[in-house]
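There are 2 protein chains.
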Amino acid sequence: MEWTRREVFGAVGIAVGTCMLSSCMRQETKTTQGKTGPDVAPWPYHELDPQTTAERAYLYHYEGHCMYGVFKSIIWQLAERYGEPYRSFPCGMMTYGAGGVASWGSLCGALNGAAAVIGLFASRKEQQASLVNQVFLWYEQTELPVHVPAQPKLDMEMPASVAHSVLCHPSVGAWSKASRYPVAGKEHMERCARLTADTARQTVIVLNEGLSVRVARPMLADEQVSQCNACHGRDSERRDALAGMTCGSCHSSLSDKHPDVSIKPRKPL
Amino acid sequence: MEWTRREVFGAVGIAVGTCMLSSCMRQETKTTQGKTGPDVAPWPYHELDPQTTAERAYLYHYEGHCMYGVFKSIIWQLAERYGEPYRSFPCGMMTYGAGGVASWGSLCGALNGAAAVIGLFASRKEQQASLVNQVFLWYEQTELPVHVPAQPKLDMEMPASVAHSVLCHPSVGAWSKASRYPVAGKEHMERCARLTADTARQTVIVLNEGLSVRVARPMLADEQVSQCNACHGRDSERRDALAGMTCGSCHSSLSDKHPDVSIKPRKPL
Numbered sequence: 703m704e705w706t707r708r709e710v711f712g713a714v715g716i717a718v719g720t721c722m723l724s725s726c727m728r729q730e731t732k733t734t735q736g737k738t739g740p741d742v743a744p745w746p747y748h749e750l751d752p753q754t755t756a757e758r759a760y761l762y763h764y765e766g767h768c769m770y771g772v773f774k775s776i777i778w779q780l781a782e783r784y785g786e787p788y789r790s791f792p793c794g795m796m797t798y799g800a801g802g803v804a805s806w807g808s809l810c811g812a813l814n815g816a817a818a819v820i821g822l823f824a825s826r827k828e829q830q831a832s833l834v835n836q837v838f839l840w841y842e843q844t845e846l847p848v849h850v851p852a853q854p855k856l857d858m859e860m861p862a863s864v865a866h867s868v869l870c871h872p873s874v875g876a877w878s879k880a881s882r883y884p885v886a887g888k889e890h891m892e893r894c895a896r897l898t899a900d901t902a903r904q905t906v907i908v909l910n911e912g913l914s915v916r917v918a919r920p921m922l923a924d925e926q927v928s929q930c931n932a933c934h935g936r937d938s939e940r941r942d943a944l945a946g947m948t949c950g951s952c953h954s955s956l957s958d959k960h961p962d963v964s965i966k967p968r969k970p971l
Numbered sequence: 703m704e705w706t707r708r709e710v711f712g713a714v715g716i717a718v719g720t721c722m723l724s725s726c727m728r729q730e731t732k733t734t735q736g737k738t739g740p741d742v743a744p745w746p747y748h749e750l751d752p753q754t755t756a757e758r759a760y761l762y763h764y765e766g767h768c769m770y771g772v773f774k775s776i777i778w779q780l781a782e783r784y785g786e787p788y789r790s791f792p793c794g795m796m797t798y799g800a801g802g803v804a805s806w807g808s809l810c811g812a813l814n815g816a817a818a819v820i821g822l823f824a825s826r827k828e829q830q831a832s833l834v835n836q837v838f839l840w841y842e843q844t845e846l847p848v849h850v851p852a853q854p855k856l857d858m859e860m861p862a863s864v865a866h867s868v869l870c871h872p873s874v875g876a877w878s879k880a881s882r883y884p885v886a887g888k889e890h891m892e893r894c895a896r897l898t899a900d901t902a903r904q905t906v907i908v909l910n911e912g913l914s915v916r917v918a919r920p921m922l923a924d925e926q927v928s929q930c931n932a933c934h935g936r937d938s939e940r941r942d943a944l945a946g947m948t949c950g951s952c953h954s955s956l957s958d959k960h961p962d963v964s965i966k967p968r969k970p971l
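Respectively, the protein sequence lines represent chains V and G. Just add 702 to the spot in the first sequence (first one is 1) and you have our numbering. Just add 702 to the spot in the second sequence (first one is 1) and you have our numbering.
Here is the structure:
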């Protein structure tokens with residue numbers, strides 16, 4: 703049996719067609735022959751513009767909230783520019799981080815999205831931790847939001863606040879106290895959209911520096927963290943606590959039984 | 703020009719070959735023609751065996767820690783059984799959740815992995831929240847770990863504790879206090895590996911019920927959550943707090959200025 707050129711190209715076309723959208727096969731699967739693990743090379747990062755990323759994250763927040771906003775603002779620019787493997791990432795899954803995961807108020811979704819992006823592009827544990835630290839410490843210590851969208855969904859004078867925490871619940875609480883706006887209202891949503899933009903911008907700044915130029919941006923944790931960890935942390939004698947979060951954000955007062963009352967963590971709000 | 707049958711099949715073979723590993727094209731990309739968002743259909747879930755999942759998660763924890771352990775234990779079974787799109791998911795990124803994200807002590811990585819899996823398989827916000835609630839409330843209220851591995855990496859009598867929190871820092875702290883083992887030691891690592899197994903098992907139980915059989919498993923938050931939210935939550939008059947976490951885990955004491963001292967949240971530990 704012989705086929706005409708048209709039939710051949712038709713057959714090839716069907717075969718290619720079924721695979722077309724993934725023709726630039728996902729790098730990870732290629733390089734590992736079906737293996738996936740922490741030992742696998744991370745996806746390649748390409749430098750992005752921080753301001754463009756912030757503007758996108760703001761808009762994506764109104765599509766799928768904070769974690770989704772930060773994550774998609776970065777991945778989707780790479781998808782548009784380079785196609786696969788970025789294009790096939792199921793970004794929709796990242797909606798789970800909204801409100802500190804399904805409104806539980808735990809880790810801020812914008813930071814969860816930032817850390818997920820960092821996890822995708824930086825494989826070594828030390829590098830991941832260094833990049834995460836730079837975004838998390840910035841978030842804890844900076845008066846936010848600062849982003850002013852090109853076309854605001856809600857045109858308002860936006861009050862800012864310092865979270866002193868990486869958790870959604872105290873972060874939103876601090877802003878609500880500073881702004882006197884209630885939680886779960888349209889002003890709160892606009893605040894989180896702008897905060898998502900700020901976090902996406904900061905993540906790209908850190909990735910551009912850390913993965914492209916290999917320059918670390920030094921940031922220090924609140925001094926009370928090292929003070930508490932001196933007795934409780936992994937390198938102390940007691941070794942009964944594991945945390946990098948600002949202690950006083952939750953431990954605003956300690957028992958009178960604490961051996962040294964002078965080093966009680968202060969409430970930072 | 704005409705091609706022989708062998709040449710045709712050869713050409714088709716090459717075309718298929720370049721795409722072979724992704725021949726079952728990623729459902730999301732297919733259905734949305736390159737779009738990705740919260741409106742996109744989630745990936746299909748297929749019922750898994752909870753005990754097999756737990757055993758895998760235990761082993762994967764020693765490969766990439768808690769978030770990675772839960773996430774990969776589920777995705778990788780589906781990858782082995784069904785291939786794409788599961789096989790191409792870059793599971794290595796999930797190492798970021800270790801120790802409450804890069805040892806920050808925020809959201810427990812096992813729960814972050816569980817919520818990420820739920821985000822991948824359940825798209826509707828209400829369904830995501832319902833499934834997350836069932837895993838998070840179980841984690842807050844259950845004495846863990848209970849999993850006994852078939853081949854323990856560290857053969858020991860494992861003390862259990864109730865976290866009363868979804869955060870890594872108080873969860874590890876409660877276990878360290880109950881067990882008298884220090885943090886960051888080999889016993890702590892073994893505890894978290896078994897906790898990862900427990901969380902993966904619970905996630906699969908919840909997914910099997912919620913996505914396969916459509917039966918909800920009712921669980922109630924600690925009563926102090928509704929008590930606090932009655933005055934502070936999104937439906938209250940003050941509307942100055944947003945959280946589902948057990949309040950007393952952080953707020954172990956409140957100011958004397960609190961209007962009703964009788965409803966101070968208690969420290970649950």
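Every residue, glycine too, gets a C-beta built ideally from N, C-alpha and C.
Taking C-beta pairs closer than 8 angstroms, name the residues in chain V that Ser-928 (chain G) reaches, listed in chain order.
One-based indexing of the second sequence puts residue 928 (chain G) at position 226. Neighbours of Ser-928 (chain G) on chain V: none; closest Cβ ~14 angstroms, over 8 angstroms.
Got a sec? Which residues, its chain only, sit under 8 angstroms from Ser-724 (chain V) by beta carbon, not counting five neighbours each side?
Within the first sequence, the letter at position 22 stands for residue 724 (chain V). Reliability of the predicted coordinates at Ser-724 (chain V) is poor, the pLDDT of 34 falling under 50, and the value obtained from them is presented with this limitation in mind. Excluding residues within five positions, the ones whose Cβ falls inside 8 angstroms are Glu-786 and Ser-790.
Just to check my reading of the structure: Phe-823 (chain G) and Met-796 (chain G) have Cβ atoms closer than 8 angstroms, yes? What is that Cβ distance to the nearest angstrom?
Your numbering for residue 823 (chain G) matches position 121 in the second sequence. Your numbering for residue 796 (chain G) matches position 94 in the second sequence. About 15 angstroms separates the two Cβ atoms, so there is no contact after all.
Just the Cα atoms here: how many angstroms apart are Arg-783 (chain V) and Leu-913 (chain V)?
As a working mapping, residue 783 (chain V) is identified with position 81 in the first sequence. As a working mapping, residue 913 (chain V) is identified with position 211 in the first sequence. The straight-line gap from Cα to Cα measures roughly 18 angstroms.
Since Cys-952 (chain V) contacts Ser-873 (chain V) with CB under 8 angstroms, what's their CB separation in whole angstroms?
As a working note, residue 952 (chain V) is residue 250 in the first sequence. As a working note, residue 873 (chain V) is residue 171 in the first sequence. With a Cβ gap of about 13 angstroms, Cys-952 (chain V) and Ser-873 (chain V) do not count as contacting.
Is Ser-775 (chain G) closer than 8 angstroms to Ala-759 (chain G) when the C-beta atoms are compared?
Taking the first residue of the second sequence as position 1, residue 759 (chain G) is located at position 57. Taking the first residue of the second sequence as position 1, residue 775 (chain G) is located at position 73. Against a cut-off of 8 angstroms, the Cβ pair of Ser-775 (chain G) and Ala-759 (chain G) comes out as a contact.
Name the DSSP bridge partner or partners of Ser-863 (chain V)?
For the purposes of this step, residue 863 (chain V) is identified with residue 161 of the first sequence, where counting begins at 1. Paired residues: V:Leu-846.
Helix, strand or coil for Gln-729 (chain V) per DSSP?
If you number the first sequence from 1, residue 729 (chain V) lands on position 27. The pLDDT assigned to Gln-729 (chain V) is 36, lower than 50, so where the model puts this residue is not dependable; a value taken from the coordinates is nonetheless given after this. Residue state, collapsed to three classes: helix.
Exposed or buried, which one is Met-690 (chain V) when buried takes at least 16 other CB atoms within 10 Å?
Nothing can be reported for residue 690 (chain V): it is not among the residues displayed for chain V, which extend from 703 to 971.
Buried or exposed: where does Asp-751 (chain V) fall if 16 or more other Cβ atoms within 10 Å of its Cβ makes it buried?
Mapped onto the first sequence, residue 751 (chain V) falls at position 49. Answer is exposed; the Cβ neighbour count stays below 16.
Once the 5 residues before and after Phe-838 (chain G) are set aside, which same chain residues still bring their CB inside 7 angstroms of it?
Numbered from its first residue, the second sequence carries residue 838 (chain G) at position 136. Here the set comprises Leu-813 and Val-868.
Do Glu-828 (chain V) and Leu-856 (chain V) have their C-beta atoms within less than 8 angstroms of each other?
Within the first sequence, residue 828 (chain V) is the residue found at index 126, counting from 1. Within the first sequence, residue 856 (chain V) is the residue found at index 154, counting from 1. No, Cβ-Cβ distance for Glu-828 (chain V) and Leu-856 (chain V) is not below 8 angstroms.
Any Cβ of chain G within less than 8 angstroms of the Cβ of Gly-771 (chain V)?
On the first sequence, residue 771 (chain V) is found 69 positions in, with the first residue counted as 1. With 8 angstroms as the cut-off, Gly-771 (chain V) does not count as an interface residue toward chain G.
Mind listing the chain V neighbours of Cys-768 (chain G)? Cutoff is C-beta to C-beta under 8 angstroms, in chain order.
Here residue 768 (chain G) refers to the residue found at position 66 of the second sequence. In chain order: nothing, as chain V lies at least about 12 angstroms away.
Nearest-angstrom Cα distance between Trp-840 (chain V) and Ala-852 (chain G)?
Reading the first sequence from its first residue, position 138 is the one you call residue 840 (chain V). Reading the second sequence from its first residue, position 150 is the one you call residue 852 (chain G). Answer to the nearest angstrom: the Cα atoms are 44 angstroms apart.
Taking the Cβ atom as the reference point for each residue, do Asp-924 (chain G) and Thr-901 (chain G) lie within a distance shorter than 8 angstroms?
Position 222 of the second sequence, counting from 1, holds the residue named residue 924 (chain G). Position 199 of the second sequence, counting from 1, holds the residue named residue 901 (chain G). Going by C-beta atoms, Asp-924 (chain G) is not nearer than 8 angstroms to Thr-901 (chain G).
Roughly how many angstroms lie between the CA atoms of Pro-884 (chain V) and Arg-882 (chain G), to the nearest whole one?
For the purposes of this step, residue 884 (chain V) is taken as the residue at position 182 of the first sequence. For the purposes of this step, residue 882 (chain G) is taken as the residue at position 180 of the second sequence. Cα to Cα, the separation comes out at about 43 angstroms.
Identify the contact partners of Cys-870 (chain V) in chain G, using a Cβ-Cβ distance below 8 angstroms as the criterion.
What you label residue 870 (chain V) is simply residue 168 of the first sequence in a count that begins at 1. What Cys-870 (chain V) touches in chain G: Leu-944 and Ala-945.
Please work out which residues of its chain come closer than 6 angstroms, Cβ to Cβ, to Ala-973 (chain G), disregarding the five sequence neighbours upstream and downstream, and give them in chain order.
Past the boundaries of the shown model lies residue 973 (chain G); chain G is included only from 703 to 971, so the question cannot be answered.
Which chain G residues sit within Cβ distance under 8 angstroms of Ala-831 (chain V)?
Your numbering for residue 831 (chain V) matches position 129 in the first sequence. Within 8 angstroms Cβ-Cβ: Ala-804 and Ser-805.
Under 8 angstroms, Cβ to Cβ, is there at least one residue of chain V near Lys-879 (chain G)?
For the purposes of this step, residue 879 (chain G) is identified with residue 177 of the second sequence, where counting begins at 1. Cβ-Cβ to chain V under 8 angstroms: yes for Lys-879 (chain G).
Distance cutoff 8 angstroms, beta carbons only. Does Leu-809 (chain G) sit that close to anything in chain V?
Your numbering for residue 809 (chain G) matches position 107 in the second sequence. Interface residue, yes.
Reducing DSSP to helix, strand and coil, say where Leu-913 (chain G) ends up.
Here residue 913 (chain G) refers to the residue found at position 211 of the second sequence. In this structure, Leu-913 (chain G) counts as helix in the three-state DSSP scheme.
Check the C-beta distance from His-866 (chain G) over to Leu-944 (chain V) and give it rounded, since I have them as a contact under 8 angstroms.
Start at 1 with the first residue of the second sequence, and residue 866 (chain G) comes out as number 164. Start at 1 with the first residue of the first sequence, and residue 944 (chain V) comes out as number 242. That pair is no contact at about 16 angstroms.
Who are the near neighbours of His-890 (chain G) in its chain, counting only those whose CB is closer than 8 angstroms to its CB and skipping five residues on each side?
Stepping through the second sequence from its first residue, residue 890 (chain G) is reached at position 188. Val-874, Trp-877, Ser-878, Tyr-883 and Pro-884, listed in sequence order.
Confirm, please, whether the CB-CB distance from Gly-794 (chain V) to Ser-825 (chain G) is below 8 angstroms.
Counting from one through the second sequence, the residue named residue 825 (chain G) turns up at place 123. Counting from one through the first sequence, the residue named residue 794 (chain V) turns up at place 92. Their beta carbons are under 8 angstroms apart, which means Ser-825 (chain G) touches Gly-794 (chain V) by this criterion.
What span of residues does the alpha helix (DSSP H) with Ala-880 (chain G) cover, start to end?
What you label residue 880 (chain G) is simply residue 178 of the second sequence in a count that begins at 1. 870-881 is the extent of the alpha helix (DSSP H) around Ala-880 (chain G).
Per DSSP, what kind of secondary structure is Leu-809 (chain V) in: helix, strand or coil?
Along the first sequence, one-based indexing puts residue 809 (chain V) at 107. Three-state result, Leu-809 (chain V): strand.
Quick check on Ala-816 (chain G): buried or exposed, where buried means 16 or more other Cβ atoms within 10 Å of its Cβ?
By one-based count along the second sequence, residue 816 (chain G) stands at place 114. Buried.
Pull up the distance between the alpha-carbon of Asn-910 (chain G) and that of Glu-749 (chain G), whole angstroms please.
Numbered from 1 along the second sequence, position 208 holds the residue referred to as residue 910 (chain G). Numbered from 1 along the second sequence, position 47 holds the residue referred to as residue 749 (chain G). Rounded to whole angstroms, Asn-910 (chain G) to Glu-749 (chain G) spans 5 angstroms at the Cα level.
Give me the chain C residues within the contact set of Ile-820 (chain G), using Cβ-Cβ distance strictly less than 9 angstroms, ordered along the chain.
No chain C is part of this structure, whose protein chains are labelled V and G.
So Ser-825 (chain V) contacts chain G; which residues on that side make the cut at Cβ distance below 7 angstroms?
The count along the first sequence starts at 1 and reaches residue 825 (chain V) at position 123. Residues of chain G passing the Cβ test: Gly-794.
Against chain G, does Pro-884 (chain V) count as a neighbour if the rule is that its beta carbon must be under 8 angstroms from one of theirs?
The residue given as residue 884 (chain V) occupies position 182 in the first sequence. Taking Cβ atoms only, chain G reaches closer than 8 angstroms to Pro-884 (chain V), which makes this a yes.
With distances taken from CA atoms, which of G:Ala-862, G:Ala-895 and G:Ala-781 is nearest Thr-844 (chain G)?
Taking the second sequence and counting its residues from 1, the one referred to as residue 844 (chain G) is at position 142. Answer by Cα proximity: G:Ala-862.
Against chain G, with Cβ distances strictly below 8 angstroms, would Ser-790 (chain V) count as a contact?
Here residue 790 (chain V) refers to the residue found at position 88 when the first sequence is read from its first residue. True, the Cβ-Cβ gap to chain G drops below 8 angstroms.
Can a CB atom of chain G be found closer than 8 angstroms to the CB of Val-834 (chain V)?
In the first sequence, the residue the question calls residue 834 (chain V) occupies position 132. True, the Cβ-Cβ gap to chain G drops below 8 angstroms.
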